[in-house]
Amino acid sequence: MGSSVVATLVVMIMASVGVIGLRRFAATSDAGRHQLGLIAAIFFVLFCTTLLDEHHNYVTKWDVSIVDLLRQTTMLSLIALGAAVVIIAGGIDLSAGSVIAFSASICATFMVLLAPEAVNQSLPVGTWVIIASIVGTLIIGVLIGSLHAWLITEVGLPPFVATLGTLVGLRSLSRAIVENVTQSMLGGARTQINIADKSFRELSGAMSGTVWNLTILVAIFAVILWLLLSKTVTGRHLYALGGNEQAARLSGIQTNRMKWLAYCISSFLSSVAGVLYVSQLSVADPQTLARGYELNAIAASVVGGCSLQGGLGTIQGTLLGALFLRVVIDGVAKIIKTGADVYEGLIVGVLVVFAVTFTKTSEAMSSTRRKLFSGPLGWVTIVNLTLLAGVMMALLGAKLLRGRVQMDAAWLALIAAASTLFLLLILRCETSPQRKRSWGITWAIATVAAAIGLDMNYSQFQRGSAVAIARNVGGSVTQNDDGGIVVDLAGSRCTDTDLKRLLQRVKYFSNLTEIRLNNTEITDSGLDAIGKAIQDAKSLKRVDTTGSKVSEIGVVKLQRTLSGLKVLP
Amino acid sequence: MILLRRLSYFCWIVSSIFLVGGCEPNVPKTKTTSTSMEAAAHSGKTPQAHSSTGGTAGLKRLIILTNGDSPFWDACREGLLAAKSELKLNEVGLDAVLDVNDGTAQGQLAKLQQYGTQSDIAGVGVSAIDAKNVAIADELRSMQKKGIKILTIDSDVDRSQFGDARHAFIGTDNLAGGKVLGQCAKELKPQGGEYVTFVGLKGAQNAIERIGGFGQGAGEKFIDKDTMTDENDKTKARDNVRNAIRNHPNLSVLVGIWSYNAPAIVDVVKEANRRKDFTIVVFDAEPTAITALGEGSIDAMVVQNPFAMGYEGIRMLDALVRDQKDVLEKMLPNYGKPDGDLFDTGLKVVVPSADSPLKPSDFTGVEFLTLDQFQLWLKKYGLTGS
């Protein structure tokens with residue numbers, strides 16, 4: 005397995021380098037270079053995940069990983085395509101998540117209305133019921149898009165406000181519909197509708213576990229939209245509308261019709277997604293389904309090259325943007341493993357900003373870089389980014405680098421913050437690019453060297469610190485005849501707080517054998533801290549608490565936590 | 006020139022490492038009974054790659070996946086960690102962790118699908134967010150086929166349809182728990198009254214059983230006016246209580262079904278200054294709810310044992326992974342028979358003090374404790390809630 009991991013890493017590195025190299029020579033448009041950059045970024049994230057994942061799941065379970073990635077990417081792609089069309093046309097659609105929830109509820113509601121007994125008893129509802137429900141749902145999706153277009157073109161609402169209304173209203177409406185319909189048709193109000201029909205569920209491949217249904221469906225929609233946008237006059241009109249609405253109108257383009265088309269496409273695709281979610285999850289839950297998905301869709305479109313000002317973007321870029329986001333989320337889940345979703349939003353947010361920033365054209369970058377940290381706002385931003393780097397490293401560093409470094413989260417945070425501060429100060433300096441480059445190289449070397457050096461000596465530093473803390477409270481750290489380390493705090497001023505500080509450092513002694521807490525102010529809280537801090541130290545044989553303030557309960561709990569440990573009295 | 010520059014960078018790197026690496030921390034010498042401390046401080050005996058999270062490479066995980074985020078699961082985590090330590094899981098190549106769900110069915114399904122793509126999962130104990138969700142049940146079956154051991158903890162799947170999707174259920178008999186809570190209400194308010202139940206999600210099996218059980222235990226004199234859901238949103242939980250009080254003028258009993266509903270009820274009743282108008286009975290003992298019980302803001306609590314759910318859940322998953330038939334037989338002696346796949350972690354009724362109208366003789370099959378006794382029990386396991 006080791007050789008296959010290495011081989012995979014080598015292939016990924018070569019692919020990334022190849023793509024980056026292609027970018028240099030490709031005489032393509034900005035969009036083309038952007039897409040190549042995204043592909044390189046995707047490979048890079050895959051490479052990092054394979055490297056940092058302890059179990060190298062992309063190698064050992066590549067087939068299941070691909071299926072899961074495809075499943076998640078296709079669903080995101082569906083709504084991202086709709087969002088992209090609206091953004092290219094110069095608008096915004098905040099209602100995608102609510103349209104998904106509404107469509108899912110409507111589809112399930114149609115099934116309840118047409119086959120209530122079958123739904124209630126989790127039986128097959130019949131093919132014609134499924135077809136009628138889906139068609140009805142899609143028609144309603146188009147109606148929602150039409151409503152958006154009417155609010156924007158005739159009533160004159162800004163797209164943000166029009167779609168914000170449906171963001172809030174549709175979910176509430178769908179809850180009301182579900183509760184009322186289930187009350188009258190199923191004998192009791194429910195907040196969700198469960199659909200167990202196997203043939204309906206197979207639409208999304210949920211029964212057989214295949215993702216080809218979804219993949220082919222999304223591919224078909226992507227091809228149709230690509231043809232529409234790049235090969236038809238209507239597509240040109242949509243770009244023109246997004247680029248400059250007034251100029252487009254004055255050129256004779258029917259801008260209101262174009263907006264109608266764009267919002268109908270977006271809502272239609274969200275409705276398709278809603279149907280597929282019911283099929284996949286076997287439940288239509290208007291309260292919780294697709295909450296926040298509109299932001300994911302917009303993020304995928306923007307990462308894929310769509311400009312929120314309109315007139316820019318491609319279908320292939322949007323698909324790559326969706327893939328990039330899902331690869332990042334999947335990578336976070338595989339590296340951090342348990343509790344990964346706590347950090348998911350943070351990492352995705354940072355990477356989205358980086359991805360959009362660094363895939364701009366070099367001309368745009370050089371013009372923005374000159375003004376990145378100027379003035380008072382620049383100084384505040386430097387403080388901001390330094391703190392952010394420190395906090396992120398404190399939270400993520402230990403998880404990402406577990407087993408590979410000795411330093412704890414606080415030290416990693418300190419190094420990250422200091423390093424970031426120096427880098428930002430270098431960027432702020434008004435000097436020649438060549439000097440900045442050499443300073444940057446010096447910075448990189450110094451950071452790596454300092455990090456390696458500190459890590460190598462970290463445990464020694466912690467041991468010295470432990471000795472100092474023990475001495476400060478009137479105790480000592482000594483070595484007995486067998487070479488075992490004895491933390492002797494008997495009769496000292498040591499409190500629970502002092503003990504907890506000491507334990508953070510004393511665990512770096514590989515042969516800790518005894519802790520003496522006789523006649524101290526240590527309580528059960530201190531004993532609890534021993535249990536939590538020294539779980540891996542199998543050498544610890546004895547803890548003496550005679551004359552201290554611990555209770556029998558605390559002693560029993562410590563003995564249960566560290567079985568084999570002798571706790572006196 | 007370029008070569009010289011690159012060579013100088015290389016020398017820079019090497020010397021910098023030694024420069025920083027060569028800094029020795031100042032370790033004081035102390036008089037000892039034998040060898041000087043300096044030798045120990047400078048010894049090359051460094052614990053191998055000690056990191057703040059501990060090295061877990063090579064260990065297979067036993068995961069408890071929750072249905073949401075609540076202090077209830079903190080007690081479960083303590084039980085999980087106690088089992089991990091006492092069963093010495095690390096020594097047999099296992100690790101035990103708690104994973105928190107976002108409170109949605111698709112979130113739970115996505116997590117289960119993600120587990121299926123990882124090679125280090127040995128067993129999963131899941132608190133099913135939706136008892137009737139076919140997709141979640143199918144995913145559990147699919148994971149079983151891949152060799153991952155599956156249990157349900159705290160909230161089961163619909164046993165009649167999906168009992169085969171897991172090996173066993175560890176938790177409370179929620180129907181019995183609901184009946185006990187209903188009985189509490191009945192003893193506290195013999196004349197009956199209108200009640201509203203508050204819960205996160207109506208579709209969770211534990212919610213279904215507790216609400217149904219409450220109605221049975223309370224009896225005909227109690228009228229169910231509403232069940233209000235908040236989808237794990239604690240702000241909405243409070244709004245629901247306000248709306249219930251406003252919408253039902255004759256309301257006299259407030260029933261908290263999930264753990265965080267108790268503090269929501271207490272806060273709103275306090276805010277409205279209407280403690281004397283309501284009988285408040287709740288499930289589970291979050292730290293704030295325990296404080297409220299002590300202040301007299303809650304009349305009775307029916308408390309599960311999430312510590313035992315965590316402990317026994319990991320114990321059973323460990324036994325399944327390591328094929329320890331004796332342990333499994335002891336835990337589930339009637340396995341294969343009806344309801345033989347249920348491991349009951351027990352219930353407690355907790356009242357503010359011995360002066361409570363509720364007496365131990367009112368209940369059978371459950372442990373009856375005053376608040377003081379309950380707090381001693383918590384302290385024994387180092388818990389702040391249950």
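Note that the protein sequences, when read in sequence, are chains A and B. In terms of the working numbering, the first sequence opens at residue 5 and continues consecutively. In terms of the working numbering, the second sequence opens at residue 6 and continues consecutively. The beta carbon of each residue, even a glycine, is placed where N, CA and C say it ideally should be.
Straight-line Cα distance separating residue j from residue i
| i | j | result |
| --- | --- | --- |
| Gly168 (chain B) | Met336 (chain B) | 18 Å |
| Lys385 (chain B) | Ile557 (chain A) | 6 Å |
| Gly173 (chain A) | Ile110 (chain A) | 14 Å |
| Lys342 (chain B) | Ala173 (chain B) | 12 Å |
| Lys504 (chain A) | Leu376 (chain A) | 43 Å |
| Gly63 (chain B) | Ile156 (chain A) | 57 Å |
| Arg66 (chain B) | Ala127 (chain B) | 6 Å |
| Val332 (chain B) | Pro311 (chain B) | 20 Å |
| Asp159 (chain B) | Lys338 (chain A) | 27 Å |
| Ala88 (chain A) | Phe51 (chain A) | 28 Å |
| Asp360 (chain B) | Ala301 (chain A) | 59 Å |
| Thr322 (chain A) | Phe272 (chain A) | 17 Å |
| Asn523 (chain A) | Gly478 (chain A) | 12 Å |
| Cys28 (chain B) | Ser469 (chain A) | Reliability of the predicted coordinates at Cys28 (chain B) is poor, the pLDDT of 45 falling under 50, and the value obtained from them is presented with this limitation in mind. Each residue's alpha carbon lies about 14 Å from the other. |
| Val355 (chain B) | Ile262 (chain B) | 15 Å |
| Arg546 (chain A) | Asp500 (chain A) | 18 Å |
| Asn237 (chain B) | Asp74 (chain B) | 8 Å |
| Lys239 (chain B) | Thr53 (chain A) | 36 Å |
| Asp502 (chain A) | Gly495 (chain A) | 14 Å |
Listed by chain order, chain B residues near residue i by CB distance under 8 Å
| i | result |
| --- | --- |
| Thr195 (chain A) | Leu206, Lys207, Gly208 and Thr234 |
| Gly213 (chain A) | Ser147 |
| Ala153 (chain A) | Going along chain B, no residue has its Cβ under 8 Å from Ala153 (chain A), so there is no contact; the nearest lies around 29 Å. |
Element boundaries [beta strand (DSSP E), containing residue i]
| i | result |
| --- | --- |
| Gln483 (chain A) | Ser480 to Gln483 |
| Gly130 (chain B) | Ile126 to Val131 |
| Lys440 (chain A) | Premise fails: Lys440 (chain A) lies in the alpha helix (DSSP H), Pro437 to Asn476, not in any beta strand (DSSP E). |
Bounding residues of the alpha helix (DSSP H) (the contiguous stretch that carries residue i)
| i | result |
| --- | --- |
| Asp100 (chain B) | Not the alpha helix (DSSP H): Asp100 (chain B) falls in the beta strand (DSSP E), residues Leu99 to Asp104. |
| Tyr243 (chain A) | Val237 to Gly247 |
| Lys561 (chain A) | Glu556 to Thr565 |
| Ala88 (chain A) | Trp66 to Ile92 |
Short CB-CB distance (under 9 Å) between residue i and chain B
| i | result |
| --- | --- |
| Asp289 (chain A) | yes |
| Asp97 (chain A) | no |
| Val346 (chain A) | yes |
| Ala420 (chain A) | no |
| Gln39 (chain A) | no |
| Arg295 (chain A) | yes |
| Arg205 (chain A) | yes |
| Gln320 (chain A) | no |
CB contact check: residue i to chain A, cutoff 9 Å
| i | result |
| --- | --- |
| Ser124 (chain B) | yes |
| Gly121 (chain B) | yes |
Under 9 Å from the C-beta of residue i: neighbouring residues of chain B
| i | result |
| --- | --- |
| Asn198 (chain A) | Asp135, Lys137, Asn138, Val139 and Gly208 |
| Ala303 (chain A) | Going along chain B, no residue has its Cβ under 9 Å from Ala303 (chain A), so there is no contact; the nearest lies around 17 Å. |
| Ala210 (chain A) | Val139, Ala140 and Asp143 |
Within chain B, partners of residue i - CB distance below 7 Å
| i | result |
| --- | --- |
| Ala35 (chain A) | Here the premise fails: no neighbours, minimum Cβ distance about 32 Å. |
Under 7 Å from the C-beta of residue i: neighbouring residues of chain A
| i | result |
| --- | --- |
| Thr109 (chain B) | Thr292 |
| Asp104 (chain B) | Thr342 and Gly343 |
| Leu114 (chain B) | Leu285 |
| Ile68 (chain B) | Thr342 |
| Gly387 (chain B) | Asp532 and Lys561 |
Interface partners of residue i on chain A, CB under 9 Å
| i | result |
| --- | --- |
| Gln196 (chain B) | Residues of chain A passing the Cβ test: none, with the nearest at roughly 28 Å. |
| Glu372 (chain B) | Near Glu372 (chain B) there are no residues of chain A at all, since even the closest Cβ is about 19 Å away, more than 9 Å. |
Within 7 Å of chain B by C-beta, residues of the stretch 548-565 of chain A in sequence order: Ile557, Lys561, Arg564 and Thr565
Output needed in chain order: residues of the stretch 53-74 of chain A with a Cβ under 7 Å from some Cβ in chain B. Glu58, His59, Asn61, Thr64, Lys65, Val68, Ser69 and Asp72
Residues of the stretch 431-444 of chain A in Cβ contact with chain B at a cutoff of 8 Å, in chain order, please. Here the close residues number zero.
Taking a Cβ distance cut-off of 7 Å, strictly less, list which residues of the stretch 525-538 of chain A are near chain B, in chain order. Asp532
Output needed in chain order: residues of the stretch 112-141 of chain A with a Cβ under 8 Å from some Cβ in chain B. Ser126
In the stretch 327-360 of chain A, which residues sit with their C-beta less than 9 Å from some C-beta in chain B, listed in chain order? Listed in sequence order: Asp334, Ala337, Lys338, Lys341, Thr342, Gly343, Ala344, Asp345 and Val346.
Residues, ordered as in the chain, of the stretch 258-291 of chain A that lie near chain B by beta-carbon distance below 8 Å: Tyr281, Gln284, Leu285, Ser286, Val287, Asp289 and Gln291
Residues in the stretch 256-280 of chain B having any Cβ partner in chain A nearer than 7 Å: Correct list: empty, as no residue qualifies.
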